[in-house]
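>
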Amino acid sequence: EGFRFGAIDAAVIYMLPQILKDYMGDFPQIELFAQVAPSRYLVEDLLMNRSEFAIISLPLAHPKIETLSLVTDEMPLVVGADHALAQRARVRPEELAAEAMILFHEDSVSRKIVDERLAETGVSPRVVMEMRSPEAMRKLVEAGVGVSFLPRMTVAESLELGLLSDVEVAGVRFSREIGVAWRRGRYFGPAIRHLLDAIFRRYDRFDEWVDDRSGVPV
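Going by my numbering, the first residue of the sequence shown is number 15, and it counts up by one from there.
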């Protein structure tokens, strides 16, 4: 017995390890397979019934998909420790136009958020690299190749170690939601429900996950 689910890389690295360890210890007979990919591909898997659920970047609006947010992850502007902006607490949006930007690939939810917030300020970023891996982006920013907007869960350790600095962009907030997505109306067997219950409990969303009328997970 087993099942397949999907998750963006940040969820696998920073959100799920202890949950999965506990689950596999409690249910050693269940075989798990996790597909790690960008959100758009995970949604395709849901629509094609290749995955039971997925942990993705939100928002997502699709008539066949239901979602429930787990966390809000800030996406600060981060620069290398030796970058000129590293000593600044705040920059004006227009100052970013001259910076070499390392951004998520243009088809990602996180990139859309960054593009929309910058567009609101009238800034057109000078993009020098587009990538899908936040870990690779973090390493490049640490090396001084460019600056980026990266999820705080991805850069927290580097900030603590002084390898990166985060700089506020005046008047603009960059953040994304990470949550669970599943195909609308899908029935979950006990093995899948146990894992979903554990995820929602860990992030204090179990009450929202439980149907108010029946008292059982939807």
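Where a beta carbon is used, it is the ideal one built from N, C-alpha and C, also for glycine. Nothing here was measured: the structure is a model prediction, and the numbers come from that model.
Hey, Arg166 and Glu80 are a contact pair by Cβ (cut 8 Å); roughly how many whole angstroms apart?
With 8 Å as the limit, Arg166 and Glu80 do not qualify as a contact, their Cβ atoms being about 26 Å apart.
> Helix, strand or coil: which one does DSSP assign to Arg227?
For Arg227, the predicted model reports a pLDDT of 26, less than 50, meaning its position is unreliable; a value from the coordinates is still stated below. Of the three classes helix, strand and coil, the one that applies to Arg227 here is coil, per DSSP.
> What are the boundary residues of the alpha helix (DSSP H) that includes Ser172?
Run containing Ser172: 166 to 175, per the alpha helix (DSSP H) assignment.
> How many angstroms separate the CA atom of Gly203 from the CA atom of Phe214?
16 Å
> With DSSP collapsed to three states, give me the class of Arg207.
helix
> When you compare each of Val128, Leu91, Leu110, Leu72 to Gly193 by their alpha carbons, which one comes out closest?
Checked all of Val128, Leu91, Leu110, Leu72; the closest Cα to Gly193 is Leu72.
> Mind checking Phe163: buried by the 16 CB within 10 Å criterion, or exposed?
Only buried fits Phe163, as 16 or more other CB atoms lie within 10 angstroms of its CB.
> Alpha carbon to alpha carbon, what distance is there between Ala100 and Ser179?
5 Å
> Counting beta carbon pairs with one atom in the region 35 to 54 and one in the region 121 to 133, are three or more of them shorter than 8 Å?
yes
> Quick check on the burial criterion: 16 or more other C-beta atoms within 10 angstroms. Buried or exposed for Pro42?
exposed
> Considering only DSSP beta bridges, list what Ile69 is partnered with.
Answer is Ala21, Val194, bridged to Ile69.
> DSSP puts Ile116 in a beta bridge; with which residues?
The partner list for Ile116 (beta bridge, DSSP) reads Met143.
> Taking contact to mean 3 or more Cβ pairs, one atom from each stretch, closer than 8 Å, check whether the region 183 to 192 and the region 150 to 162 are in contact.
no
> Determine, using beta-carbon pairs with one atom in the region 91 to 99 and one in the region 135 to 150, whether at least three such pairs fall under 8 Å.
no
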